[in-house]
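Taking it in order: structure first as structure tokens, then the write-up.
In the numbering used here, the protein residues as written are 4 to 191.
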């Protein structure tokens, strides 16, 4: 089976690629989880975050934004001491502030799904990359998403993080054209 260039580096990467990456996500809780995990990944490998994903889900109450938005300073200290996650104070604090901003978007748009997918008119962008060297790290669209999220109070949502997020949640199908998932994801 031919996969995208990055997906054969480890079993956890292959599983994520084969089952999740690029599949359109419309569940608000899952959208919040993925945004938080992409922010946690900044400066690290995605493999590191995937290995800690179960720890993140447990530590952050399954990424329920209503619970996370109410975290106390004591809970923040507990998270900073938790070896099951990346113990970076600013990244942890960003999850809490992002939960509050996320709830604001839900209130304004009815759901985060309605908000984030409006950037692509509710249809995934299907790219046609033949090789890894063609896949961009950012696009004008990820620049716009980043700018709007920052304006709404989100942290750790630079354009590169936003583009990776868009790929992960299926707003963009960046599977290489020779990857077995390219057509499967396109049919979702």
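For glycine and all other residues, C-beta sits at the position ideal for the given N, C-alpha and C.
Of the residues the options, the one placed nearest residue i, counting alpha carbons only
i: residue 107; options: 157, 7, 4 and 28; result: 157
i: residue 25; options: 76, 48 and 173; result: 173
i: residue 152; options: 103, 33, 70 and 58; result: 103
i: residue 123; options: 21, 137 and 145; result: 145
i: residue 35; options: 85, 127, 65 and 163; result: 65
Residue burial classification, residue i (beta-carbon count within 10 angstroms, cutoff 16)
i: residue 52; result: buried
i: residue 44; result: buried
i: residue 188; result: buried
i: residue 82; result: buried
Span of the alpha helix (DSSP H) around residue i
i: residue 89; result: Where residue 89 is concerned, there is no enclosing alpha helix (DSSP H), given that its DSSP letter is neither H nor E.
i: residue 72; result: From DSSP, residue 72 is part of no alpha helix (DSSP H); its letter is neither H nor E.
i: residue 117; result: 115 to 120
i: residue 152; result: 143 to 154
i: residue 182; result: Taken as a continuous stretch (DSSP letters only), residue 182 belongs to no alpha helix (DSSP H), as it is neither H nor E.
i: residue 172; result: Where residue 172 is concerned, there is no enclosing alpha helix (DSSP H), given that its DSSP letter is neither H nor E.
i: residue 23; result: Looking at the DSSP string, residue 23 is not in any alpha helix (DSSP H), and its letter there is neither H nor E.
Whole-angstrom distance between residue j and residue i, CA atom to CA atom
i: residue 3; j: residue 72; result: In the structure as shown, the chain begins at 4 and stops at 191. Residue 3 is therefore absent and cannot be evaluated.
i: residue 182; j: residue 77; result: 46 Å
i: residue 40; j: residue 138; result: 21 Å
i: residue 170; j: residue 87; result: 25 Å
i: residue 186; j: residue 70; result: 38 Å
i: residue 128; j: residue 165; result: 14 Å
i: residue 93; j: residue 134; result: 35 Å
i: residue 50; j: residue 13; result: 8 Å
Cut-off 6 Å between Cβ atoms - residues of its own chain near residue i, not counting five sequence neighbours on either side
i: residue 179; result: 7 and 132
Beta-carbon proximity list for residue i, same chain, < 8 Å, skipping 5 on both sides
i: residue 56; result: 40
i: residue 99; result: 71, 72, 74 and 79
Heavy atom of the ligand ADP within 6 Å of residue i beta-carbon
i: residue 144; result: You won't find the ligand ADP in this model; it holds no ligand whatsoever.
Chain B contact for residue i (CB, 7 Å cutoff)
i: residue 28; result: The chain inventory of the structure shown lacks chain B, comprising one protein chain alone.
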